[in-house]
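**Student:**
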Amino acid sequence: MRPATGQVVLALALGFVPAAADADIYSYTDRQGVRHFTNVSAVPGSRIVIRERPLPPGMPMLVRAPTRRWFPALLSQPLPRADATVYDGLIREIAGRYGVEYALVKAVIKAESDFDRTAVSRAGALGLMQLMPQTAAYHQVRNVFLPRDNIEGGCRHLRMLLDRYGGNLPLVVAAYNAGTQRVEDAGGVPPITETRENLARVLRYRAAYLAAASNVVAAGH
Numbered sequence: 055m056r057p058a059t060g061q062v063v064l065a066l067a068l069g070f071v072p073a074a075a076d077a078d079i080y081s082y083t084d085r086q087g088v089r090h091f092t093n094v095s096a097v098p099g100s101r102i103v104i105r106e107r108p109l110p111p112g113m114p115m116l117v118r119a120p121t122r123r124w125f126p127a128l129l130s131q132p133l134p135r136a137d138a139t140v141y142d143g144l145i146r147e148i149a150g151r152y153g154v155e156y157a158l159v160k161a162v163i164k165a166e167s168d169f170d171r172t173a174v175s176r177a178g179a180l181g182l183m184q185l186m187p188q189t190a191a192y193h194q195v196r197n198v199f200l201p202r203d204n205i206e207g208g209c210r211h212l213r214m215l216l217d218r219y220g221g222n223l224p225l226v227v228a229a230y231n232a233g234t235q236r237v238e239d240a241g242g243v244p245p246i247t248e249t250r251e252n253l254a255r256v257l258r259y260r261a262a263y264l265a266a267a268s269n270v271v272a273a274g275h
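So for the sequence shown, our numbering puts the first residue at 55; every next one is plus one.
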């Protein structure tokens with residue numbers, strides 16, 4: 055029996071990606087009055103602004119969200135167009151270097167900024183992969199509006215989250231959007247409308263990009 059479209063999307067979307075250490079973020083102001091963010095606590099005059107809470111060793115995070123009504127409903131819409139972009143080569147190169155799935159990285163970019171390298175959100179997230187300033191500083195991103203630098207930082211962050219959550223994509227994407235603190239406080243995908251909708255968008259785009267890649271391979275044979 056051929057599975058329904060919604061079942062195919064759900065299966066593709068929830069596929070696990072193979073499984074960075076936790077660190078605090080500090081801030082300091084230099085002699086010129088410029089404020090910096092860093093993960094190095096030894097800088098004189100620095101103070102902690104974000105404290106990462108590590109997961110207890112050996113404690114798996116289970117996602118309960120997919121069993122709830124809202125999740126299949128958000129994924130049930132038709133797959134979006136698997137559009138090609140000028141950043142495909144860059145995404146493949148950097149994602150491959152960090153062992154992060156190309157379709158996942160492209161889906162995050164599509165959902166977060168729609169490939170607008172100059173995008174700035176109301177919350178202050180920046181560039182293609184919508185990096186918060188603290189996240190960009192932690193991953194040593196020099197120019198958040200330069201596609202290579204931004205995608206590099208985004209892939210590093212996804213790699214860290216994939217390792218943290220053992221490749222559990224719903225948790226990874228939710229943490230990318232809402233932060234690890236909220237995910238771990240909720241014990242899964244937090245009940246935040248924006249985060250749930252973003253999660254559904256990313257997983258649907260990922261499924262579309264995976265399906266497009268499969269069609270290309272099939273056509274080649």
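Using N, Cα and C, we set each Cβ at its ideal position, and we do this for glycine too.
Between which residues of its own chain and R213 is the CB-CB distance below 7 angstroms, once the five residues before and five after are set aside?
**Tutor:** Within the sequence shown, residue 213 is the residue found at index 159, counting from 1. Counting only Cβ-Cβ distances below 7 angstroms, and skipping sequence neighbours, we find A74, Y152, G153 and V154.
**Student:** So R277 packs on A177, CB below 8 angstroms; how close in whole Å?
**Tutor:** Beyond the ends of the chain as shown, which are 55 and 275, falls residue 277; an answer cannot be given.
**Student:** Determine whether the beta carbon atoms of N231 and T247 lie at a separation below 8 angstroms.
**Tutor:** Within the sequence shown, the letter at position 177 stands for residue 231. Within the sequence shown, the letter at position 193 stands for residue 247. No. Outside cutoff.
**Student:** Could you work out which residue in I148, P244 and T172 is closest to V198 when comparing CA atoms only?
**Tutor:** Counting from one through the sequence shown, the residue named residue 198 turns up at place 144. Residue T172 holds the alpha-carbon nearest to the alpha-carbon of V198 among I148, P244 and T172.
**Student:** For R196, collect the residues of the same chain with a Cβ closer than 7 angstroms to its Cβ; drop the 5 residues on either side in sequence, then sort them by chain order.
**Tutor:** By one-based count along the sequence shown, residue 196 stands at place 142. Once the five neighbours on either side are set aside, the close Cβ partners of R196 are D203.
**Student:** Please state the DSSP three-state secondary structure of V140.
**Tutor:** Translated into positions along the sequence shown, residue 140 becomes position 86. Correct three-state label for V140: coil.
**Student:** In three-state terms, what does DSSP make of D168?
**Tutor:** Within the sequence shown, numbered from 1, the residue matching residue 168 stands at position 114. Note: D168 maps to coil in three-state DSSP.
**Student:** Please name the residue or residues paired with V174 in a DSSP beta bridge.
**Tutor:** Here residue 174 corresponds to residue number 120 of the sequence shown, with the count starting at 1. V174 is bridged to L180.
**Student:** Which residues in the same chain as S175 place their Cβ atom closer than 7 angstroms to its Cβ, once the five residues preceding and following it in sequence are excluded?
**Tutor:** In the sequence shown, residue 175 corresponds to position 121, counting from 1. Cβ within range, chain order: Q184.
**Student:** Would you decide whether T83 is buried or exposed? Buried here means 16 or more other CB atoms lie within 10 Å of its CB.
**Tutor:** On the sequence shown, position 29 is the one that residue 83 refers to. By the neighbour-count criterion, in which a residue is buried when 16 or more other Cβ atoms sit within 10 angstroms of its Cβ, T83 is exposed.
**Student:** To the nearest angstrom, how far is it from the Cα of P201 to the Cα of L182?
**Tutor:** For this step, residue 201 is matched to residue 147 along the sequence shown. For this step, residue 182 is matched to residue 128 along the sequence shown. Cα to Cα, P201 sits roughly 7 angstroms from L182.
**Student:** Could you tell me if S268 is buried or exposed, where buried requires 16 or more neighbouring beta carbons within 10 angstroms of its beta carbon?
**Tutor:** The residue you call residue 268 lines up with position 214 of the sequence shown. Result: exposed.
**Student:** Helix, strand or coil for L200, going by three-state DSSP, please let me know.
**Tutor:** Walking along the sequence shown from the start, residue 200 turns up at place 146. It is coil, neither helix nor strand.
**Student:** Would you mind stating whether P224 and L264 have Cβ atoms separated by less than 8 angstroms?
**Tutor:** Counted from its first residue, the sequence shown places residue 224 at position 170. Counted from its first residue, the sequence shown places residue 264 at position 210. Not closer than 8 angstroms, so no.
**Student:** Based on the DSSP secondary-structure assignment, which residues constitute the bridge partners of L257?
**Tutor:** As a working note, residue 257 is residue 203 in the sequence shown. According to DSSP, which records beta bridges pairwise, L257 is partnered with nothing at all.
**Student:** Only counting the same chain, and skipping five residues up and downstream in sequence, which positions put a Cβ closer than 6 angstroms to that of V227?
**Tutor:** Taking the first residue of the sequence shown as 1, we reach residue 227 at position 173. Same-chain partners within the cutoff: L253 and V256.
**Student:** Which residues mark the beginning and the end of the alpha helix (DSSP H) in which V226 is found?
**Tutor:** Position 172 of the sequence shown, counted from the first residue, corresponds to residue 226. Residues L223 to A232.
**Student:** Start and end of the alpha helix (DSSP H) containing Q194?
**Tutor:** For the purposes of this step, residue 194 is taken as the residue at position 140 of the sequence shown. Membership of Q194 in any alpha helix (DSSP H) is not indicated, and neither H nor E is assigned to it by DSSP.
**Student:** Can you name, in chain order, every residue of its own chain whose Cβ lies under 7 angstroms from the Cβ of Y156, other than the five neighbours on each side?
**Tutor:** Within the sequence shown, residue 156 is the residue found at index 102, counting from 1. Excluding positions up to five away in sequence, the list reads I145, R146 and A149.
**Student:** Assuming P244 contacts V237 (C-beta within less than 8 angstroms), just tell me the rounded distance between them.
**Tutor:** Numbered from its first residue, the sequence shown carries residue 244 at position 190. Numbered from its first residue, the sequence shown carries residue 237 at position 183. Right, their Cβ atoms sit about 6 angstroms apart.
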